[in-house]
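Numbering-wise (the working numbering), the sequence shown opens with residue 1 and increments by one.
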Amino acid sequence: MKNLIVGAGLSGCALANKIAAELNEDVLIIDKRNHIAGNIYDYKDIETGITVHKYGPHIFHTNNKEVWDFLSQFTKWHPFFFKPNTVIEGNIVTLPFNLKTLYELFPDETAAKIETKLINTYGFGTKISISQLRNNNDTTINFIANYIYENVYKHYTEKQWGTNINDINSSVINRLLIHISNDCRYFQDKFQAIPLNGYTKMIENMLNHPNIEVNLETEFKDINTSDFSRIIYTGSIDELFNYKYGLLPYRSLIFDTMKINKEYFLKSAMTTFPNNYNFTRITEHKYFLDEKASHTIVTFEYPTEYKTDKNERYYPINNEKTLIMYNKYLNEVHKKKNLFVLGRLGNYKYYNMDTIVENAINLFKEKIK
Ligand SMILES: Cc1cc2nc3c(=O)[nH]c(=O)nc-3n(C[C@H](O)[C@H](O)[C@H](O)COP(=O)(O)OP(=O)(O)OC[C@H]3O[C@@H](n4cnc5c(N)ncnc54)[C@H](O)[C@@H]3O)c2cc1C
Numbered sequence: 001m002k003n004l005i006v007g008a009g010l011s012g013c014a015l016a017n018k019i020a021a022e023l024n025e026d027v028l029i030i031d032k033r034n035h036i037a038g039n040i041y042d043y044k045d046i047e048t049g050i051t052v053h054k055y056g057p058h059i060f061h062t063n064n065k066e067v068w069d070f071l072s073q074f075t076k077w078h079p080f081f082f083k084p085n086t087v088i089e090g091n092i093v094t095l096p097f098n099l100k101t102l103y104e105l106f107p108d109e110t111a112a113k114i115e116t117k118l119i120n121t122y123g124f125g126t127k128i129s130i131s132q133l134r135n136n137n138d139t140t141i142n143f144i145a146n147y148i149y150e151n152v153y154k155h156y157t158e159k160q161w162g163t164n165i166n167d168i169n170s171s172v173i174n175r176l177l178i179h180i181s182n183d184c185r186y187f188q189d190k191f192q193a194i195p196l197n198g199y200t201k202m203i204e205n206m207l208n209h210p211n212i213e214v215n216l217e218t219e220f221k222d223i224n225t226s227d228f229s230r231i232i233y234t235g236s237i238d239e240l241f242n243y244k245y246g247l248l249p250y251r252s253l254i255f256d257t258m259k260i261n262k263e264y265f266l267k268s269a270m271t272t273f274p275n276n277y278n279f280t281r282i283t284e285h286k287y288f289l290d291e292k293a294s295h296t297i298v299t300f301e302y303p304t305e306y307k308t309d310k311n312e313r314y315y316p317i318n319n320e321k322t323l324i325m326y327n328k329y330l331n332e333v334h335k336k337k338n339l340f341v342l343g344r345l346g347n348y349k350y351y352n353m354d355t356i357v358e359n360a361i362n363l364f365k366e367k368i369k
């Protein structure tokens with residue numbers, strides 16, 4: 001059996017490893033980029049030794065032990081709790097919004113009054129959405145709900161998606177919860193870490209198998225598919241069928257990375273700027289692996305429109321219309337024997353890295369093995 005995997009991102013590489021190692025079959029994995037690892041690609045800046053996440057900050061987190069154990073074959077880990085900041089009225093404060101954030105923004109007496117009300121209403125240790133908070137009619141809760149909505153959610157979301165917040169599905173806005181506790185961690189998963197030698201090294205180890213061949217700077221359209229008995233495609237599903245049902249829309253990003261002659265620029269690995277500037281956030285890379293250097297490297301992230309073949313696809317724009325279009329493409333996939341789609345582009349869905357690996361493992365178990 002000869003397998004073709006299109007895309008050397010986490011999806012394609014996890015599956016390539018499973019097929020090569022467990023089925024002892026040959027795999028050719030191709031990518032149009034000049035590097036492996038897809039969007040989790042990182043590299044070491046030679047001058048400073050700082051590991052840079054080229055396509056935005058990536059923090060691995062999961063509750064799935066099978067996924068954790070699978071990846072642990074290819075890397076050791078640097079334990080890392082993601083504790084970002086946000087800027088509100090010029091103050092750098094903790095994000096997600098929690099009880100500590102109240103004391104960073106308000107006089108102690110006001111913060112204590114709001115804190116007591118929140119704890120009495122929702123219970124200490126709970127997590128609530130901004131919609132839940134805004135639906136409460138109590139005067140104190142109403143005040144803090146509107147304050148958080150305006151300063152944390154509204155302008156960030158509008159910048160991120162380039163549209164009015166009222167046109168955005170509330171599930172997107174409600175993803176980031178408010179913590180009625182002092183838990184400043186962005187994620188609460190059992191396992192949270194960064195690969196000790198970087199994501200690219202982890203992927204390199206995954207591909208290091210005699211049955212796997214990697215061809216970079218290779219487009220799917222230039223491959224003779226009749227040479228392969230199974231094809232797994234992790235690119236955008238609309239491109240696979242020449243956009244016959246229309247273009248699936250995405251939101252794109254511009255990453256502006258620079259070296260700064262300063263030991264540290266900001267207080268944590270990531271700071272969001274909901275209310276100022278055109279960028280949404282700044283990533284300071286040396287925090288991820290606690291790398292020491294006299295300089296620092298930061299990336300300013302600007303959301304932008306996705307234009308076919310001009311820039312990269314990052315976030316799928318999921319709504320009723322795009323779901324109908326996606327299902328037409330998926331139907332085409334199902335008509336073909338031994339063609340499978342996988343990953344954030346193949347499935348047209350935002351997935352965290354752990355779900356990406358889980359999906360690759362499940363596809364292997366259910367359809368390939
Ligand atoms: C800004 C940002 C930050 C993120 N941060 C986190 C985080 O902190 N934690 C987390 O868990 N997840 C995070 N994610 C999600 C994470 O990036 C994805 O889960 C993961 O990268 C998806 O892997 P993939 O293999 O499906 O896709 P990709 O990594 O995009 O790989 C697909 C590959 O296919 C190649 N390809 C496409 N079409 C073709 C073609 N026609 N021919 C040849 N090659 C092709 C592409 O070049 C690409 O390399 C983040 C995502 C973004 C956008």
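Cβ coordinates follow ideal geometry from the N, Cα and C atoms, glycine included.
As the structure is a prediction and not an experimental result, all values here were calculated from the model.
Residue i beta carbon near ligand 2 (any heavy atom closer than 7 angstroms)
| i | result |
| --- | --- |
| residue 95 | Because ligand 2 does not appear in the structure shown, any question about it cannot be addressed here, the ligands present being ligand 1. |
Local conformation of residue i per DSSP, three classes
| i | result |
| --- | --- |
| residue 193 | strand |
| residue 230 | strand |
| residue 129 | coil |
| residue 115 | helix |
| residue 181 | coil |
| residue 241 | coil |
| residue 368 | helix |
| residue 138 | coil |
| residue 174 | coil |
| residue 98 | strand |
| residue 165 | helix |
| residue 213 | strand |
| residue 160 | helix |
| residue 352 | coil |
| residue 145 | helix |
| residue 264 | coil |
| residue 153 | helix |
Contact check, residue i vs residue j, beta carbons under 8 angstroms
| i | j | result |
| --- | --- | --- |
| residue 152 | residue 110 | no |
| residue 303 | residue 162 | yes |
| residue 207 | residue 16 | yes |
| residue 307 | residue 296 | no |
| residue 293 | residue 121 | no |
| residue 325 | residue 248 | yes |
| residue 114 | residue 102 | yes |
| residue 234 | residue 363 | no |
| residue 40 | residue 215 | no |
| residue 416 | residue 88 | The structure shown does not extend to residue 416, since the chain is modelled only from 1 to 369, so the question has no answer here. |
| residue 3 | residue 228 | yes |
| residue 194 | residue 105 | no |
| residue 59 | residue 160 | no |
| residue 315 | residue 238 | no |
| residue 140 | residue 154 | no |
| residue 44 | residue 219 | no |
| residue 21 | residue 209 | yes |
Beta-ladder partner(s) of residue i, from DSSP
| i | result |
| --- | --- |
| residue 5 | 29, 232 |
| residue 251 | 305, 315 |
| residue 340 | 232 |
| residue 271 | 85, 282 |
| residue 257 | 299 |
Proximity test, Cβ basis, 8 angstroms: residue i and chain C
| i | result |
| --- | --- |
| residue 267 | Absence of chain C from the displayed structure is noted, only one protein chain being present. |
TODO: Scan the segment 276-334 and note each continuous beta strand (DSSP E) run of 3 residues or more that stays entirely inside, going in chain order.
DONE: 281-284, 296-305
For the segment 42-95, which segments carrying the alpha helix (DSSP H) assignment without a break, of at least 4 residues, lie completely within its bounds, in sequence order? 65-72
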